[in-house]
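Enquirer: Below is the structure I would like to discuss, written out as structure tokens.
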Amino acid sequence: MKHTTRAKSISIRILWIIIITLSFLIAAKLAMLFYNRHQLANMSTLIISSQFPTKIIPLPAVTLCHGNIAAIQKVLSYLTSRERIYIPRGLTRKDFEHTVKYLREAIYPKNHYPEELDKLQQILTANRLSLPELFENISPNCTDFVIMCRLNEKIIPCDKMLNRVTTRYGLCCAFNYEDPYENLRRSKKESISNYSVNFGSRYIVSFLMKPLSSHDRMSSTIYGDGIKVLIHEKYTYPGPTAFEFIAGSGQETIAKLYPTALISSSEILSLPTTVRGCYMTWPSQKKYRYRADNCYIRCRETIIRKLCGCIPFSASLMKTGVGICNLTHISCLAHITLQTYTLTLQDPECDCLPDCESTSYKVAVTTLPMSAIQYSPGKFYEAAARISNATLLHITFARHSAILQRRELVLSWINLISSLGGVFSLFLGCSFISLVEILYFFCVHFLYKLKISKSSSSDCE
């Protein structure tokens, strides 16, 4: 500034004006680059410890789904019960028994048997039955195939550990699952510990299951004998994001968990949700627990509703006034399957944010035949020896330690201010003292000079 006002030559003044202008432009450009870098690379996930104790890691939910979604004995019992169904004119009881065989289409919509499904839907419509109500009456109960349950090496009645829940595989039996909307109706009020000190061969939870007779199988989701197992976070709906495997009949299956806990620093949690790019469920939010996986599933259900005019029978959240898909919607569901399963959390249709804090589980599954079960001591194995082709399932932590990760700020506001200060100091020679000088010049010195000028003018008059 001094050179532009005191320079005697106009060319020198113009030169200094050009230099100052370029300095301002370069400083502004670099300041924008630093700010954009601050916004884009503001957070990072770091591994804090690989020795985080598993005894303070929440236990996952374990959902057991029997492959048999329609049992002959259950169907016959339902037909002869007091609430026996009404068969419309033109159809017979044999038609109902025959068309139930194609109920697998409700789980995996392919639209291969439209005529049979249309007959079954006529019967359901005549009796005002929805698909969930039909599954409720003809699918196996938890106690029909889960014989014995053990938690932390203590045998507990299975009806106190398991709850019947609706999933994309029909009616299943869930351990330690809690609906994030608190609409899960528990069969029994039983306090189950959410943590365990067990790991390795000291199994956390074990289930002894028996196969249903092959003659009792009317419709099935799997072609072999076994139980579909889903392992997922406690408040996450047992859907497509869960880890799945089959525990086969006549085998002992051990699922070893490798958990990872993710937390966020206080600096990140203090930022607005739109800035930190993740969602946090606070303790004060008692009616709803956000999970990114649940958001993804609800997004998929919303798209199905837009395209087919209904929500799946296994929807994670049933809304009043919204119709549940029936067998007439199978053709539409089959057509949009690929479109809905290719969604991602970042999809504009979803607008889902990741979790700020969560627990995830990697699972390693080991299976071995129970050919020497008679040599295993204990009531659990004694009961298994009495059952032909029994299925044993054990869930445990692989080791006593887990991985702890933490989201942290890479570039805080202090880093940003330091970077901007360096830029303006390099190109403009500015500093905090310079700002004070400018404020002093315009607020104090300028007013003082103006006052002196006015007094001088009055003296001259």
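Each residue of the sequence shown is one higher than the one before, starting from 124 at the first, in the working numbering.
Yeah, the Cβ is synthetic: ideal placement off N, Cα and C, and Gly gets one too.
Predicted, not measured: the structure shown is a model, and the values here were computed from it.
Taking DSSP's pairing of strands, which residues face Leu-285 in a bridge?
Expert: Within the sequence shown, numbered from 1, the residue matching residue 285 stands at position 162. Looking at the DSSP assignment, Leu-285 forms a beta bridge with Phe-298.
Enquirer: Mark Gly-293 as exposed unless 16 or more other C-beta atoms lie within 10 angstroms of its C-beta, in which case mark it buried.
Expert: Here residue 293 is taken as the residue at index 170 of the sequence shown, counted from 1. Classification for Gly-293: buried.
Enquirer: What would DSSP say about Arg-216, mapped onto helix, strand or coil?
Expert: Within the sequence shown, the letter at position 93 stands for residue 216. Correct three-state label for Arg-216: helix.
Enquirer: Give me whichever residues DSSP pairs with Ser-481 in a beta bridge.
Expert: Indexing the sequence shown from 1 puts residue 481 at position 358. Per the DSSP secondary-structure output, Ser-481 pairs in a beta bridge with Leu-385.
Enquirer: Below 7 Å CB to CB, which residues in the same chain sit around Arg-309 once its five sequence neighbours on both sides are set aside?
Expert: Taking the first residue of the sequence shown as 1, we reach residue 309 at position 186. For Arg-309, the predicted model reports a pLDDT of 44, less than 50, meaning its position is unreliable; a value from the coordinates is still stated below. Within the same chain, Arg-309 has close Cβ partners Asn-286.
Enquirer: Would you kindly work out how many angstroms separate the C-alpha atoms of Ala-184 and Glu-367, rounded to a whole number?
Expert: Reading the sequence shown from its first residue, position 61 is the one you call residue 184. Reading the sequence shown from its first residue, position 244 is the one you call residue 367. Roughly 12 Å between the two C-alpha positions.
Enquirer: Please report the straight-line C-alpha distance between Glu-239 and Phe-219, rounded to a whole angstrom.
Expert: The residue given as residue 239 occupies position 116 in the sequence shown. The residue given as residue 219 occupies position 96 in the sequence shown. Their backbone Cα atoms lie some 9 Å apart in a straight line.
Enquirer: Once DSSP output is grouped into helix, strand and coil, what is the label at Met-332?
Expert: Against the sequence shown, residue 332 aligns to sequence position 209. DSSP places Met-332 in strand when its eight states are reduced to three.
Enquirer: When burial is assigned at 16 or more other CB atoms within 10 Å of the CB, is Val-223 buried or exposed?
Expert: Here the question's residue 223 lines up with position 100 in the sequence shown. Burial call: buried.
Enquirer: When we look at the beta-carbon of Ser-437 and count the other beta-carbons within 10 Å, is it buried (16 or more) or exposed?
Expert: Here residue 437 refers to the residue found at position 314 of the sequence shown. Classification for Ser-437: buried.
Enquirer: Could you check whether Leu-515 and Leu-335 sit closer than 8 Å to each other, using their CB atoms as the reference points?
Expert: The sequence position of residue 335 within the sequence shown is 212, counting from 1. The sequence position of residue 515 within the sequence shown is 392, counting from 1. No; because the gap between Cβ atoms is not below 8 Å, this pair is not in contact.
Enquirer: In chain order, what residues of the same chain lie with their CB nearer than 6 Å to the CB of Ile-315, ignoring the 5 residues before and after it?
Expert: Mapped onto the sequence shown, residue 315 falls at position 192. Closer than 6 Å at the Cβ level, and outside the excluded window around Ile-315, lies no residue.
Enquirer: Is the beta carbon of Ala-378 closer than 8 Å to that of Ile-518?
Expert: Locating residue 518 in the sequence shown gives position 395, where the first residue counts as 1. Locating residue 378 in the sequence shown gives position 255, where the first residue counts as 1. The Cβ atoms of Ile-518 and Ala-378 sit closer than 8 Å to each other.
Enquirer: Is Met-155 helix, strand or coil by DSSP?
Expert: Position 32 of the sequence shown, counting from 1, holds the residue named residue 155. Residue state, collapsed to three classes: helix.
Enquirer: Where do the ends of the beta strand (DSSP E) carrying Ser-524 lie?
Expert: Here residue 524 corresponds to residue number 401 of the sequence shown, with the count starting at 1. Where Ser-524 is concerned, the enclosing beta strand (DSSP E) stretches over 524 to 532.
Enquirer: Along the chain, where does the alpha helix (DSSP H) that runs through Phe-322 open and close?
Expert: Along the sequence shown, read from residue 1 onward, the residue named residue 322 stands at position 199. Secondary structure note for Phe-322: it is in no alpha helix (DSSP H), with a DSSP letter that is neither H nor E.
Enquirer: Ile-192 lies in the beta strand (DSSP E); which residues open and close that run?
Expert: Working through the sequence shown from its first residue, we reach residue 192 at position 69. 191 to 194 is the span of the beta strand (DSSP E), which, as asked, contains Ile-192.
Enquirer: What does the Cβ neighbour count give for Asn-299, buried or exposed, with the cut at 16 atoms within 10 Å?
Expert: Numbered from its first residue, the sequence shown carries residue 299 at position 176. Its Cβ being crowded by 16 or more others within 10 Å, Asn-299 is buried.
Enquirer: With distances taken between CB atoms, is the gap from Ile-261 to Cys-272 smaller than 8 Å?
Expert: Along the sequence shown, read from residue 1 onward, the residue named residue 261 stands at position 138. Along the sequence shown, read from residue 1 onward, the residue named residue 272 stands at position 149. No, the pair does not count as a contact, with Cβ atoms beyond the cut-off.
Enquirer: Would Glu-472 and Arg-414 qualify as a contact pair, given that the criterion is a beta-carbon distance under 8 Å?
Expert: Residue mapping note: residue 472 aligns to position 349 of the sequence shown, counting from 1. Residue mapping note: residue 414 aligns to position 291 of the sequence shown, counting from 1. No, they are not a contact pair.
Enquirer: Tell me, to the nearest whole angstrom, how far the beta carbon of Cys-479 is from that of Arg-399; I am working on the premise that it is less than 8 Å.
Expert: If you number the sequence shown from 1, residue 479 lands on position 356. If you number the sequence shown from 1, residue 399 lands on position 276. That belief holds up - the Cβ atoms of Cys-479 and Arg-399 are roughly 7 Å apart, short of 8 Å.
Enquirer: Can you give me the Cβ contacts of Gly-371 inside the same chain, cut-off strictly under 8 Å, excluding the 5 residues immediately before and after it?
Expert: To locate residue 371, count along the sequence shown from 1; it is residue 248. The residues are Gly-347, Asp-348, Gly-349, Thr-490, Thr-514.
Enquirer: Looking only at its chain, what residues have a beta carbon closer than 6 Å to the beta carbon of Leu-527, apart from the 5 residues adjacent to it on each side?
Expert: Here residue 527 corresponds to residue number 404 of the sequence shown, with the count starting at 1. Here the set comprises Ile-171, Ser-172, Phe-175, Ala-384.
Enquirer: For the alpha helix (DSSP H) holding Ala-268, just list the boundary residues, first then last.
Expert: In the sequence shown, the residue the question calls residue 268 occupies position 145. Checking the sequence shown, residue 268 turns out to be Phe, not Ala. Where Phe-268 is concerned, the enclosing alpha helix (DSSP H) stretches over 265 to 268.
Enquirer: Less than 8 Å between the CB atoms is what I'm expecting for Thr-168 and Arg-530, so what's the real figure, rounded?
Expert: If you number the sequence shown from 1, residue 168 lands on position 45. If you number the sequence shown from 1, residue 530 lands on position 407. About 5 Å; that satisfies the 8 Å criterion.
Enquirer: Can you name, in chain order, every residue of its own chain whose Cβ lies under 7 Å from the Cβ of Lys-485, other than the five neighbours on each side?
Expert: The count along the sequence shown starts at 1 and reaches residue 485 at position 362. Cβ within range, chain order: Tyr-381.
Enquirer: Let's see if you can read the secondary structure: which residues bound the alpha helix (DSSP H) around Ile-453?
Expert: Taking the sequence shown and counting its residues from 1, the one referred to as residue 453 is at position 330. Element bounds for Ile-453: 453 to 464.
Enquirer: Work out the CA separation of Ser-499 and Ser-511 for me, nearest whole Å.
Expert: Start at 1 with the first residue of the sequence shown, and residue 511 comes out as number 388. Start at 1 with the first residue of the sequence shown, and residue 499 comes out as number 376. If you take the alpha carbons of Ser-511 and Ser-499, they lie about 16 Å apart.
Enquirer: Taking C-alpha atoms, which residue in Leu-226, Leu-199, Glu-228 lies nearest to Arg-216?
Expert: On the sequence shown, position 93 is the one that residue 216 refers to. Shortest Cα-Cα distance from Arg-216 to any of Leu-226, Leu-199, Glu-228 involves Leu-199.
Enquirer: At the level of alpha carbons, what is the spacing between Ile-140 and Cys-566?
Expert: For the purposes of this step, residue 140 is identified with residue 17 of the sequence shown, where counting begins at 1. For the purposes of this step, residue 566 is identified with residue 443 of the sequence shown, where counting begins at 1. Going by the C-alpha atoms only, they are around 25 Å apart.
Enquirer: Rounded to whole angstroms, what's the CA-CA distance from Tyr-411 to Thr-359? Just pull it up for me.
Expert: To locate residue 411, count along the sequence shown from 1; it is residue 288. To locate residue 359, count along the sequence shown from 1; it is residue 236. In this model, Tyr-411 and Thr-359 are separated by some 12 Å (Cα to Cα).
Enquirer: Quick one, which of Cys-295, Thr-266, Thr-289 has its alpha-carbon nearest Lys-283's?
Expert: Within the sequence shown, numbered from 1, the residue matching residue 283 stands at position 160. Checked all of Cys-295, Thr-266, Thr-289; the closest Cα to Lys-283 is Thr-266.
Enquirer: Have a look at the DSSP bridge pairing and note the partners of Ala-184.
Expert: Here residue 184 is taken as the residue at index 61 of the sequence shown, counted from 1. According to DSSP, Ala-184 bridges with His-355.
Enquirer: Assign Leu-156 to buried or exposed, taking buried as 16 or more other Cβ atoms, counted over all protein chains shown, within 10 Å of its Cβ.
Expert: For the purposes of this step, residue 156 is taken as the residue at position 33 of the sequence shown. Exposed is the call here.
Enquirer: Should His-189 and Pro-263 be called a contact, given that it needs their Cβ atoms to be closer than 8 Å?
Expert: To locate residue 189, count along the sequence shown from 1; it is residue 66. To locate residue 263, count along the sequence shown from 1; it is residue 140. Yes. Within cutoff.
Enquirer: Below 8 Å on the Cβ atoms is my contact criterion, and I expect Thr-290 with Pro-361 to pass it. Report the Cβ-Cβ distance as a whole number of Å.
Expert: One-based indexing of the sequence shown puts residue 290 at position 167. One-based indexing of the sequence shown puts residue 361 at position 238. So it is a contact: roughly 5 Å between Cβ atoms.
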